[in-house]
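Heads up: the sequence shown begins at 1 in my numbering, then just goes up one per residue. Just so it is clear, CB atoms sit at the ideal spot from N, CA and C, and this is done for glycine as well. Just so it is clear, the structure is predicted and the values come from calculations on it, not from any experiment. Single-structure report; data block below.
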Amino acid sequence: MIKIINNTVFLCYNAGTIKKGGNYMKLSARNQLKGKVVSIEKGAVNGIVHIELKGGDVVASTISMDAIKELGLEVGKEAYAVIKATSVMVGVDHHHS
């Protein structure tokens with residue numbers, strides 16, 4: 001499922017559905033981050049899926065509840081966060097004087 005937030009495209013799919021020799025989707029996005037679903041915050045229409053990556057960083061994506069169901073996402077399952085961005089923002093800490 002694809003979600004666009006602030007001109008950034010997020011795609012989540014269940015890693016368990018991709019089997020060697022089976023059907024799968026090949027993507028042009030280079031940022032394909034594999035991890036495990038550690039939490040899903042369910043709302044009425046959308047949910048926030050948190051995927052923990054190797055090293056402990058967590059990526060969050062807001063997708064529809066229908067997409068969460070269709071992808072079979074649940075805590076403990078492997079999934080990918082696929083990030084395709086047309087721009088990268090840069091920020092710094094602001095220290096008050």
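- Drop a sphere of 10 angstroms on the beta-carbon of Lys19, count the other beta-carbons inside from all chains shown, and report buried for 16 or more, exposed for fewer. Residue placement at Lys19 cannot be trusted, given a pLDDT of 49 that sits under 50; the coordinates are not used to answer.
- Under the assumption that Lys34 contacts Lys77 (Cβ atoms under 8 Å), give the Cβ distance between them as a whole number of angstroms. That belief does not hold up - the Cβ atoms of Lys34 and Lys77 are roughly 12 Å apart, past 8 Å.
- Message: If I measure Cβ to Cβ from Ser28 and keep anything under 8 Å in the same chain, skipping five residues before and after, which residues do I get?
- Response: Only residues of its own chain outside the window of five on either side were considered, and among them Lys84 have a CB closer than 8 Å to the CB of Ser28, listed in chain order.
- DSSP beta-bridge partners for Ser64? Asn46
- Task: Determine, using beta carbons only, whether Ala81 and Ile51 come nearer to each other than 8 Å.
- Result: Going by C-beta atoms, Ala81 is nearer than 8 Å to Ile51.
- Message: Does Lys36 come out as helix, strand or coil in the three-state DSSP assignment?
- Response: strand
- Task: Kindly identify the DSSP beta-bridge partner or partners of Glu52.
- Result: Note: Glu52 is bridge-paired with Lys36 and Val58 in the DSSP secondary-structure output.
- Hey, out of Val38, Ala67 and His95, whose CA is closest to Asp57's CA? Val38
- Message: My output table needs one value for Glu70: the three-state DSSP class, helix, strand or coil.
- Response: helix
- Just how far apart, CA to CA, sit Val92 and Thr86? The alpha-carbon atoms of Val92 and Thr86 are separated by roughly 20 Å.
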